[in-house]
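The structure appears right after this line, and notes come after that.
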Amino acid sequence: MRAERNGHSAARSAALAADPRNGSTPAAAPARVVDLDAAERAAADLLAALGAESDSAHLRETPRRVAQAYAELLTPVPFNATTFPNQEGYDELVLVRDIPFQSLCAHHLLPFYGTAHVAYLPGERIIGLSKLGRVVDLFARDLQLQERLTTQVADWLERRLHPRGVGVIVQAEHLCMSLRGVQKPGALTVTSALRGIVKDDSRTRQEFLSLVAQGR
Numbered sequence: 072m073r074a075e076r077n078g079h080s081a082a083r084s085a086a087l088a089a090d091p092r093n094g095s096t097p098a099a100a101p102a103r104v105v106d107l108d109a110a111e112r113a114a115a116d117l118l119a120a121l122g123a124e125s126d127s128a129h130l131r132e133t134p135r136r137v138a139q140a141y142a143e144l145l146t147p148v149p150f151n152a153t154t155f156p157n158q159e160g161y162d163e164l165v166l167v168r169d170i171p172f173q174s175l176c177a178h179h180l181l182p183f184y185g186t187a188h189v190a191y192l193p194g195e196r197i198i199g200l201s202k203l204g205r206v207v208d209l210f211a212r213d214l215q216l217q218e219r220l221t222t223q224v225a226d227w228l229e230r231r232l233h234p235r236g237v238g239v240i241v242q243a244e245h246l247c248m249s250l251r252g253v254q255k256p257g258a259l260t261v262t263s264a265l266r267g268i269v270k271d272d273s274r275t276r277q278e279f280l281s282l283v284a285q286g287r
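All residue numbers for the sequence shown refer to our numbering, where the first residue is 72 and numbers rise by one.
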């Protein structure tokens, strides 16, 4: 069991050490080290504090499962963000719409999930379409605020591609709003981050918003 945990932690640390979240491919970033043994003990203490019957057959392995689940949810998956010269001189928006994602609310440790719409206006470099989805996942695997997730994706694209413009819209349901507190299931939070021409030029901004809205 301990060897499995140590292996999991080592793999996680290695993945974080090669983390491209700062715009490089891959790049060093501060590693979050997960102590699965300590996390399991903390989960067991939480269950006990909540009055759960820890000797129940259904709860006996729950602390271990909780620790491993959070470690997985908080482990970003590194990737090679290869860019290419814009040899065709493409100068219109590139948009990938309805990218599904899930993340964890930094305030309550409850999930929030939804879709992201990511666009950029190419300059001299372009990037593979699948990488726009990977960038969303890269930042979603963290204890997050939706506002920060949105700006992180936009800033990463700016740093990596130096495009003429960037547009990111994120729509998500937060379980901390759906299951507790105000208890409004189905309510969506929408955040946006606009950069360059997409922000400054009203026609380009409207084109981006119209493309996102198509099919709705």
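Glycine included, C-beta positions come from ideal geometry on N, C-alpha and C. Source: prediction; values computed, not measured.
In this structure, DSSP gives ALA110 a helical state, which the three-state scheme calls helix. Exclusion of the five residues before and after ALA114 leaves PRO134, VAL137, ALA138 as the residues of its chain whose Cβ lies within less than 6 Å of its Cβ. For GLN242, the uninterrupted beta strand (DSSP E) segment begins and ends at 236-245. Every alpha helix (DSSP H) of 4 residues or more that sits fully in the segment 108-183 is shown, in chain order, as 133-144. Sixteen is the threshold: since fewer than 16 other Cβ atoms of the shown chains lie within 10 Å of the Cβ of GLU218, the residue is exposed. Counting every other CB atom within 10 Å of its CB across the protein chains shown gives ALA264 a total of 16 or more, marking it as buried. The Cβ atoms of ALA152 and ARG205 sit closer than 9 Å to each other.
For GLN254, the secondary structure class from DSSP, reduced to helix, strand or coil, is coil. By the Cβ neighbour-count rule, LYS255 is exposed, with fewer than 16 other Cβ atoms within 10 Å of its own. The three-state reading of DSSP puts GLY204 in helix, counting H, G and I together. Contact annotation, HIS178 with ILE240: C-beta distance approximately 22 Å; criterion of less than 8 Å not satisfied. Beta bridge pairing from DSSP links VAL261 with GLN242. Setting aside the 5 residues that flank it on each side, ARG235 is surrounded in the same chain by LEU192, GLY194, GLY267, ILE268, each with a C-beta closer than 6 Å to its C-beta; the list follows chain order.
Put simply, the segment 115-133 does not touch the segment 163-175. Fewer than three CB pairs are less than 8 Å apart. The distance from the Cβ of ALA211 to that of LEU200 is about 18 Å, inconsistent with a contact at the 8 Å cut-off. PHE279 sits close to LEU164, with the two beta carbons spaced by under 9 Å. Beta-bridge partners assigned by DSSP to ILE197: PHE155. Bounds of the alpha helix (DSSP H) holding GLN277 are 273-284. If you draw a straight line from the Cα of PRO182 to the Cα of LEU250, it comes to about 11 Å. Remark: C-beta atoms of ILE198 and PHE150 do not approach each other more closely than 9 Å.
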